[in-house]
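Below is one structure, written out as structure tokens; comments come after it.
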Amino acid sequence: MKNIFINLYVFLSNNILTNNVLILFKLDHKLQLSARQWKAFSYNQTKTEQENAGFSHKEEVQRAIDKLKIDFIGFVNKNISLNAEVLDVGCGPGIYLKLIRDNYGISGIDVSPVMIEKAKKDLPSGIFYCGNFLEQNFSKKYKFIYSISVLEYVPASQIEYFFKKCFSLLEEGGFIFIQYPHALKFSDILHPDRNYISYSPEKIEKCSKKYFTVISHKQFFDDRIIGKYDKKPYPTSSKDFRNGYLLIAKKKDANF
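Heads up: the sequence shown begins at 15 in our numbering, then just goes up one per residue.
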């Protein structure tokens, strides 16, 4: 009986109508559960870092992750000067920071204390913050800010502020590299689940263009350009890392 009431509460409190009213009044973040769930996360030593970060090693998932890592390293090597300061938003245990730690000043932020503890242990030269990126004060500016599968946890009413904050933290000529799960069906753009938001590429581009010049914005695994939502997603019964978009953009001149 208790589970029935819990399920009913979840259904009534997290649906398209309720969520859009909360977004309208900028109250959606107050009832979002995802940040609380990651704060309470317990690191499983029997699993890999990738599994702890929420991604399996299934062949199709691994191929997508491997491609993203190649694109990530390629972009950094080509566009970010050696020893520049880099910030990973939602760094987890530092999986991507480890790919570039030898050549850059690395920093990371995550809401999970155990993830930050693991990152600090493995990357003692890094600077790490435990908290909400949108609320955190940072001690420096960065040449490069990136996030991998984190945008889905940014409340819809705060998505524009996310890009504004990235803009404020970047040095002149700095870059962002944002990978996120995009909308796969029309209902996704109506915000049926405020705890995991599949953003429309159109919405992300509109918000980011206020502060950034878009260099590339496309389906990262197969390079397709999608409008509001993906009409031909990779079939899956759960979240599939192949169904993701990648935004690469450069900070606009401060006087724009």
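Glycine residues also receive a C-beta, built at the ideal position from the N, C-alpha and C atoms.
- Counting only runs that start and end inside the stretch 164-201, the beta strand (DSSP E) elements of at least 3 residues fall at 184-194.
- Within the same chain, and ignoring the five residues on either side of Y225 in sequence, the residues whose Cβ sits closer than 8 Å to its Cβ are F177, K178, C180, F181, K265 and K266.
- Just measuring C-alpha positions, the residue of L183, R256, P169 and V125 sitting nearest A54 is V125.
- Unbroken alpha helix (DSSP H) runs of no fewer than 4 residues, entirely contained in the stretch 32-111, are found at 48-53, 63-66 and 73-93, following chain order.
- Taking C-beta separations shorter than 6 Å and ignoring five residues to either side along the sequence, K44 has no partners in its chain.
- For L96 against N117, the beta-carbon gap comes to about 5 Å, under 8 Å, which counts as contact.
- Cα atoms of D244 and F235: separation of roughly 13 Å, rounded to the nearest angstrom.
- In this structure, the beta-carbon distance from V103 to Y57 does not fall below 8 Å.
- For A133, the enclosing alpha helix (DSSP H) has its first and last residue at P127 to D136.
- Taking 8 Å as the cut-off, the Cβ atoms of P206 and I30 count as close.
- Residues of the same chain with a CB within less than 7 Å of the CB of V164, apart from the 5 flanking positions on each side, are V103 and G104 in chain order.
- Between E99 and K155, the gap from beta carbon to beta carbon is short of 8 Å.
- Close CB contacts of K199 within its chain, under the 7 Å cut and outside five residues either way in sequence, are with Y243 (chain order).
- I211 carries a coil assignment under DSSP once its states are collapsed to helix, strand and coil.
- Counting along the chain, Y243 sits inside no beta strand (DSSP E), nor does DSSP assign it H or E at all.
- In this structure, N146 lies away from A263, with their beta-carbon atoms at least 8 Å apart.
- Taken atom to atom, the span from the alpha-carbon of F255 to that of K246 is near 15 Å.
- Measuring C-alpha to C-alpha distances from L184 to each of E166, S201 and Y160 identifies Y160 as the nearest.
- The three-state secondary structure of L261, taken from DSSP, is strand.
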